[in-house]
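These protein sequences, in sequence, are chains C and E. With the UniProt record's numbering as the guide, the letters of the first sequence map in order to residues 1 to 648. With the UniProt record's numbering as the guide, the letters of the second sequence map in order to residues 1 to 504. Note that CB positions come from ideal geometry on N, CA and C, so glycine has one too. Bear in mind the structure is a predicted one, so any value in this text is a computation, not a measurement. Notes follow once the structure below has been shown.
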Amino acid sequence: ASGAQGPALVEGVGLGMAGADSDDSLYPIAVLIDELRNEDVQLRLNSIKKLSTIALALGVERTRTELLPFLTDTIYDEDEVLLALAEQLGNFTMLVGGPEYVHCLLPPLESLATVEETVVRDKAVESLRKISHEHSPVDLEVHFEPLVKRLASGDWFTSRTSACGLFSVCYPRVSSTVKAEIRQHFRTLCSDDTPMVRRAAASKLGEFAKVLELEYVKSDIISLFTALASDEQDSVRLLAVEAGVSIATLLPQEDLETLVMPTLRQAAEDKSWRVRYMVADKFSDLQKAVGPEITKNDLVPAFQNLLKDCEAEVRAAAANKVKEFCENLPEDSRETIIMTHILPCVKELVSDTNQHVKSALASVIMGLSTILGKDNTVEHLLPLFLAQLKDECPEVRLNIISNLDCVNEVIGIRQLSQSLLPAIVELAEDAKWRVRLAIIEYMPLLAGQLGVEFFDEKLNSLCMAWLVDHVYAIREAATCNLMKLVEKFGAEWAQNTIVPKVLGMANDPNYLHRMTTLFCINALSEVCGQEITTKHMLPVVFKMSNDQVANVRFNVAKSLQKIGPVLDSNCLQTEVKPVLEKLASDQDMDVKYFAQEAISVEHKLRFLLKPLQSVSPIMSVDRNHGFESNKTYNKTKLNPAARDDTLM
Amino acid sequence: METPTKLPPSSPSSPTTGFSVPSAEKVDGFPRRSMRRARQRRSHSSSQFRYQSSQVELTPLPLLKDAPVAEIHDLFCKKLQQCCVLFDFLDCVADLKGKEIKRAALNELVESVATSRGVLIEPLYPEAIKMISVNIFRTLPPSENPEFDPEEDEPALEASWPHLQLVYELFLRFLESPDFQPSLAKRYVDQKFVLQLLELFDSEDPREREYLKTILHRVYGKLLGLRAYIRKQINNIFLRFIYETERFNGVAELLEILGSIINGFALPLKSEHKQFLVRVLIPLHTAKSLSIFHAQLAYCVVQFMEKDATVTEHIIRGLLRYWPKTCTQKEVMFLGEIEEILDVIEPSQFIRVQEPLFKQIAACISSPHFQVAERALYFWNNEYILSLIEENCQVILPLVFGTLYRVSKEHWNQTIISLIYNVLKTFMEMNSKLFDDLTSSYKVEKQKTRLHRLLPKKWSLHTRIKLLDERSSNIIEINIYKKTKNNNNNIKWIGDIKRELKSL
Numbered sequence: 001a002s003g004a005q006g007p008a009l010v011e012g013v014g015l016g017m018a019g020a021d022s023d024d025s026l027y028p029i030a031v032l033i034d035e036l037r038n039e040d041v042q043l044r045l046n047s048i049k050k051l052s053t054i055a056l057a058l059g060v061e062r063t064r065t066e067l068l069p070f071l072t073d074t075i076y077d078e079d080e081v082l083l084a085l086a087e088q089l090g091n092f093t094m095l096v097g098g099p100e101y102v103h104c105l106l107p108p109l110e111s112l113a114t115v116e117e118t119v120v121r122d123k124a125v126e127s128l129r130k131i132s133h134e135h136s137p138v139d140l141e142v143h144f145e146p147l148v149k150r151l152a153s154g155d156w157f158t159s160r161t162s163a164c165g166l167f168s169v170c171y172p173r174v175s176s177t178v179k180a181e182i183r184q185h186f187r188t189l190c191s192d193d194t195p196m197v198r199r200a201a202a203s204k205l206g207e208f209a210k211v212l213e214l215e216y217v218k219s220d221i222i223s224l225f226t227a228l229a230s231d232e233q234d235s236v237r238l239l240a241v242e243a244g245v246s247i248a249t250l251l252p253q254e255d256l257e258t259l260v261m262p263t264l265r266q267a268a269e270d271k272s273w274r275v276r277y278m279v280a281d282k283f284s285d286l287q288k289a290v291g292p293e294i295t296k297n298d299l300v301p302a303f304q305n306l307l308k309d310c311e312a313e314v315r316a317a318a319a320n321k322v323k324e325f326c327e328n329l330p331e332d333s334r335e336t337i338i339m340t341h342i343l344p345c346v347k348e349l350v351s352d353t354n355q356h357v358k359s360a361l362a363s364v365i366m367g368l369s370t371i372l373g374k375d376n377t378v379e380h381l382l383p384l385f386l387a388q389l390k391d392e393c394p395e396v397r398l399n400i401i402s403n404l405d406c407v408n409e410v411i412g413i414r415q416l417s418q419s420l421l422p423a424i425v426e427l428a429e430d431a432k433w434r435v436r437l438a439i440i441e442y443m444p445l446l447a448g449q450l451g452v453e454f455f456d457e458k459l460n461s462l463c464m465a466w467l468v469d470h471v472y473a474i475r476e477a478a479t480c481n482l483m484k485l486v487e488k489f490g491a492e493w494a495q496n497t498i499v500p501k502v503l504g505m506a507n508d509p510n511y512l513h514r515m516t517t518l519f520c521i522n523a524l525s526e527v528c529g530q531e532i533t534t535k536h537m538l539p540v541v542f543k544m545s546n547d548q549v550a551n552v553r554f555n556v557a558k559s560l561q562k563i564g565p566v567l568d569s570n571c572l573q574t575e576v577k578p579v580l581e582k583l584a585s586d587q588d589m590d591v592k593y594f595a596q597e598a599i600s601v602e603h604k605l606r607f608l609l610k611p612l613q614s615v616s617p618i619m620s621v622d623r624n625h626g627f628e629s630n631k632t633y634n635k636t637k638l639n640p641a642a643r644d645d646t647l648m
Numbered sequence: 001m002e003t004p005t006k007l008p009p010s011s012p013s014s015p016t017t018g019f020s021v022p023s024a025e026k027v028d029g030f031p032r033r034s035m036r037r038a039r040q041r042r043s044h045s046s047s048q049f050r051y052q053s054s055q056v057e058l059t060p061l062p063l064l065k066d067a068p069v070a071e072i073h074d075l076f077c078k079k080l081q082q083c084c085v086l087f088d089f090l091d092c093v094a095d096l097k098g099k100e101i102k103r104a105a106l107n108e109l110v111e112s113v114a115t116s117r118g119v120l121i122e123p124l125y126p127e128a129i130k131m132i133s134v135n136i137f138r139t140l141p142p143s144e145n146p147e148f149d150p151e152e153d154e155p156a157l158e159a160s161w162p163h164l165q166l167v168y169e170l171f172l173r174f175l176e177s178p179d180f181q182p183s184l185a186k187r188y189v190d191q192k193f194v195l196q197l198l199e200l201f202d203s204e205d206p207r208e209r210e211y212l213k214t215i216l217h218r219v220y221g222k223l224l225g226l227r228a229y230i231r232k233q234i235n236n237i238f239l240r241f242i243y244e245t246e247r248f249n250g251v252a253e254l255l256e257i258l259g260s261i262i263n264g265f266a267l268p269l270k271s272e273h274k275q276f277l278v279r280v281l282i283p284l285h286t287a288k289s290l291s292i293f294h295a296q297l298a299y300c301v302v303q304f305m306e307k308d309a310t311v312t313e314h315i316i317r318g319l320l321r322y323w324p325k326t327c328t329q330k331e332v333m334f335l336g337e338i339e340e341i342l343d344v345i346e347p348s349q350f351i352r353v354q355e356p357l358f359k360q361i362a363a364c365i366s367s368p369h370f371q372v373a374e375r376a377l378y379f380w381n382n383e384y385i386l387s388l389i390e391e392n393c394q395v396i397l398p399l400v401f402g403t404l405y406r407v408s409k410e411h412w413n414q415t416i417i418s419l420i421y422n423v424l425k426t427f428m429e430m431n432s433k434l435f436d437d438l439t440s441s442y443k444v445e446k447q448k449t450r451l452h453r454l455l456p457k458k459w460s461l462h463t464r465i466k467l468l469d470e471r472s473s474n475i476i477e478i479n480i481y482k483k484t485k486n487n488n489n490n491i492k493w494i495g496d497i498k499r500e501l502k503s504l
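Quick look at the structure:
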């Protein structure tokens with residue numbers, strides 16, 4: 001199905017290259033050109049992706065006169081090839097000889113802008129928009145604008161939809177007669193027979209309005225907007241909503257009420273939930289566009305309705321906007337509006353039947369406390385937070401917990417802690433590991449807000465329990481969590497509470513738990529500092545080098561490599577090196593491998609320690625980190641006991 | 001002007017009519033499960049119910065059959081107005097009395113339209129259409145399951161079906177009544193009405209789509225002025241489905257209607273219809289959910305061919321262009337459709353497409369998925385196709401021979417191997433001379449590729465070997481683009497090739 005006829009160019013180049021044994025460098029180009037016509041799609045695709053190389057080799061002249069006509073002819077190819085071609089041509093300006101000749105690119109892109117497949121067409125339009133800026137004003141009128149007109153009056157809907165995206169890029173740079181024509185074409189497309197074209201026009205209406213002179217916005221755009229917003233198809237109406245927001249930002253305040261508000265009000269009460277959803281989704285933008293007065297009079301009741309909508313999709317979209325909407329209310333009446341109009345709706349949403357609605361609300365509701373201040377939060381919001389903390393859906397609870405910082409700033413977290421704890425404990429033990437993973441990630445945040453005492457008393461045991469979770473991802477996250485906790489609470493705290501427990505696991509009968517000790521040491525050594533590492537951790541690591549499971553032994557080697565930068569060179573030389581040397585003669589080849597790895601890194605480390613003390617360790621550790629993690633994956637032994645070491 | 005369509009649908013499975021149980025219930029072997037799931041869902045009619053401002057209390061009206069003749073129309077009209085009241089079916093105990101009154105009234109209206117003559121007088125048309133519009137036209141609610149897979153998941157059933165079904169039934173009886181006058185109806189059943197009707201085809205409830213299908217078919221048959229409009233809007237729905245959303249529940253139903261519409265097209269085909277075939281029906285094959293409507297789609301395609309054989313080439317080249325690359329399930333469907341097409345193809349058209357077609361068939365035969373290979377090999381069991389192959393053996397056999405020969409030695413599946421053996425045997429009987437020639441040249445080809453493999457990898461791109469005369473195998477022209485660093489090496493493998501060739 002490839003372009004069957006070989007253009008003169010390809011024959012010429014192909015043969016020319018074949019004959020010219022001396023010209024080695026052009027040989028690959030001949031192959032690429034040959035492959036533009038190959039039967040195998042993959043080869044054609046590869047070749048198209050290297051089109052710029054071909055063009056570069058051919059030179060600007062031959063690119064214009066031979067390559068582009070050839071490409072224009074091969075338009076009947078697989079969509080994948082066409083997509084690549086459309087993308088390439090957008091960056092071709094220099095390859096055809098610069099802005100002066102950029103219009104040569106229009107014929108192939110014009111054909112691509114009419115194909116059926118949406119992604120190809122969109123890419124062609126994108127490229128056309130790109131190269132439109134490279135046209136001189138004269139070329140724009142002579143070459144580009146006629147192309148737009150041809151597309152706009154094409155027979156099949158595809159070319160007309162493509163045209164919609166091109167008006168706004170040429171409008172600002174053409175003469176006023178041409179401008180009038182462009183406006184006329186756009187108007188025609190807005191009332192096109194096929195909904196596909198009207199959708200394309202509606203989605204570009206806002207963008208087009210932005211480049212128009214204000215008088216034409218008022219005279220032309222408003223009527224188009226009104227018509228599209230009351231289209232018989234909801235898929236068109238919903239696109240008009242976004243355009244409405246853009247138009248509202250362009251108009252002076254005094255015109256908003258008469259020109260856009262009636263239509264927007266109608267959209268907020270549209271009989272199709274898709275349109276209402278769109279209004280809810282764009283509500284904050286809308287609010288900013290119309291200003292405080294209209295917000296007070298119109299948007300507040302509309303927002304209330306959206307929060308009470310009969311479709312959960314709409315309620316969820318509106319719930320997502322609660323905080324932003326309240327934040328942007330005019331300051332003088334903000335509190336009154338929230339307390340009397342918004343909060344009652346929010347209260348209902350807390351016990352909504354749909355979990356997406358509740359969880360959307362939970363992700364923003366905490367933000368209201370900063371807006372409402374301490375007293376209102378305690379009196380009105382706190383009960384809602386508490387109710388959501390007890391929600392049956394884990395996502396709702398998680399969303400509340402993840403936003404605790406907002407409340408902490410206003411009323412302090414203590415008010416919540418009594419309800420918080422059961423919620424955290426329940427999430428910590430949730431049967432789904434992804435839920436457990438999510439709560440672990442909030443632990444450092446919680447710890448910071450609840451303080452060290454509360455943490456030691458209530459949460460420390462949870463953090464330790466995760467270290468022996470049966471899912472590896474949880475154990476890994478728990479390790480990382482410990483490191484962040486130590487960063488918060490300090491090395492001394494670590495030495496008293498965490499380190500003994502972690503090191504205790506080194507004697508666990510389960511080798512996975514023993515390895516967790518090593519992973520924790522890897523994570524903690526740097527934050528705990530040299531003293532704790534050398535005094536407490538290192539002996540345990542050394543002891544584990546005699547472990548009977550090879551996986552543990554080679555992880556000892558990896559750990560030693562990792563904590564090396566924390567240790568002083570004397571310790572490295574006298575203590576670490578002998579252990580690694582012993583491991584390097586281990587009977588297991590993987591242990592040997594990692595021990596040798598560590599020795600070579602250690603060697604470099606000692607060598608570098610003197611001149612570049614601060615930089616080199618990080619570099620070497622970093623570089624090896626990437627390498628090593630690959631190795632871990634490959635080198636994990638298929639020990640029978642290792643079977644549960646997988647993600648569930 | 002096209003000829004009127006045959007009214008009784010000649011489509012693959014004719015729509016249910018009358019009071020029979022909708023097909024979805026017959027098919028569904030687990031009604032209890034679907035009921036349970038349906039109940040968990042939100043009411044499907046919520047969007048509609050929202051717009052009822054205040055609930056009216058219904059009072060039962062006298063029965064139609066008891067009314068004096070003079071008052072019948074008035075009473076009929078009142079009942080229609082009564083049926084405009086909508087009820088909340090999410091709450092199944094809400095206003096049970098009202099629901100029952102409406103149900104009884106609808107039943108009575110259905111029966112009256114179906115059995116008695118002279119009921120449908122002009123003033124009733126606007127009332128009836130208004131009642132129908134109020135009840136059936138609504139924005140369909142968001143799908144409960146965003147990844148709704150019509151093949152795997154249970155559809156969300158319409159909660160207000162007890163009333164909705166009767167409204168649809170009434171509409172159908174209305175259209176089918178001998179008293180029905182298209183000239184009166186066209187004032188109310190207009191373009192806007194039809195557009196809304198078409199949007200309902202996206203309903204997840206198969207019972208509803210079944211009714212819509214029959215109704216739209218009747219509308220198309222009776223209201224001639226709407227035909228072009230209906231076709232255009234169906235086009236738009238399909239184009240949106242193909243290129244924008246990939247979601248529309250009623251594609252199969254619309255295609256079924258189209259099947260019978262195509263049947264009625266006048267000859268020669270208008271360019272509008274050909275465009276529909278090439279730009280809508282063929283691209284529909286690219287849809288992810290093809291399996292749901294493939295039977296109906298293939299039927300439409302074959303209908304087109306039977307109408308006008310000149311579209312054959314467009315169809316086959318179109319299918320080849322959209323041939324599935326990774327989805328074997330779809331590949332099997334495509335092969336099925338190709339067989340349906342070949343079943344009715346004209347020999348003159350066959351010749352025009354045989355080359356690309358049999359290249360693709362050969363590719364299918366070498367598919368490692370045995371169902372694909374098997375489906376392709378079944379073509380040789382079809383007598384008509386076999387006769388076409390025989391007539392064009394000179395062209396087709398060289399296209400498929402290499403594949404057949406290779407796959408017969410390599411395929412993992414025994415069934416495929418024995419099917420291929422039969423196919424090879426058939427070809428041998430068709431033209432033994434050609435078969436023998438191909439066998440020997442295949443062997444030479446094989447030898448050649450073995451030679452190619454001898455070349456060092458880095459040279460393979462830069463090197464062309466041309467065997468001027470395979471049989472004498474003495475003259476070899478080797479064209480090397482790139483001068484190699486090691487000329488000795490070069491000479492060495494030229495020697496290898498010479499030796500290989502001599503052994504041929």
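query                                                                                                                           : result
Where C/Q587 sits in the DSSP three-state scheme                                                                                : coil
Anticipated Cβ contact below 8 Å, E/K213 with E/F265, distance rounded                                                          : E/K213 to E/F265, Cβ: 19 Å. No contact.
Sufficient close CB pairs (3 or more, under 8 Å) joining the stretch 212 to 231 of chain E to the stretch 155 to 162 of chain E : no
Nonlocal neighbours in the same chain, by C-beta distance under 7 Å from C/V241, ignoring five residues either side             : A267, V275, M278, V279, K282
Chain-order list of residues whose beta-carbon lies under 8 Å from that of E/V219 (same chain, five-residue window excluded)    : L175, V189, V194, L197, L226, I230
Sub-9 Å separation of C/V41 and C/L82 beta-carbons                                                                              : no
Closer than 9 Å to chain E by CB, C/T194                                                                                        : yes
Chain E contact for C/A598 (CB, 9 Å cutoff)                                                                                     : no
Proximity test, Cβ basis, 9 Å: E/I476 and chain C                                                                               : Its pLDDT being 39, under 50, E/I476 is placed unreliably in this model, and the coordinates cannot settle the point.
Partner residues on chain E for C/K321, Cβ-Cβ distance less than 9 Å                                                            : By Cβ distance, chain E contributes nothing, its closest Cβ being about 18 Å from C/K321, past 9 Å.
C/K288 to C/A319 span [Cα, whole Å]                                                                                             : 18 Å
Alpha-carbon spacing of C/E581 relative to C/I599, whole angstroms                                                              : 8 Å
Rounded Cβ spacing between C/H143 and C/H135 (contact assumed at less than 8 Å)                                                 : 7 Å
Collapsed DSSP secondary structure at C/I400 in the structure displayed                                                         : helix
Range of the contiguous alpha helix (DSSP H) that encloses C/W273                                                               : 273 to 281
Residue closest to residue 528 of chain E, alpha-carbon to alpha-carbon, out of E/L96, E/I262, E/P60, E/A295                    : Residue coverage of chain E in this structure runs from 1 to 504, which leaves residue 528 of chain E outside it and unanswerable.
Inter-residue Cα distance where the pair is E/R103 and E/A67                                                                    : 19 Å
Near-chain C residues of the stretch 192 to 213 of chain E (beta-carbon distance less than 9 Å), N- to C-terminal order         : K192, L195, Q196, E199
Residues near E/Q354 in its chain [Cβ-Cβ closer than 7 Å; skip 5 each side]                                                     : N392, V395, I396
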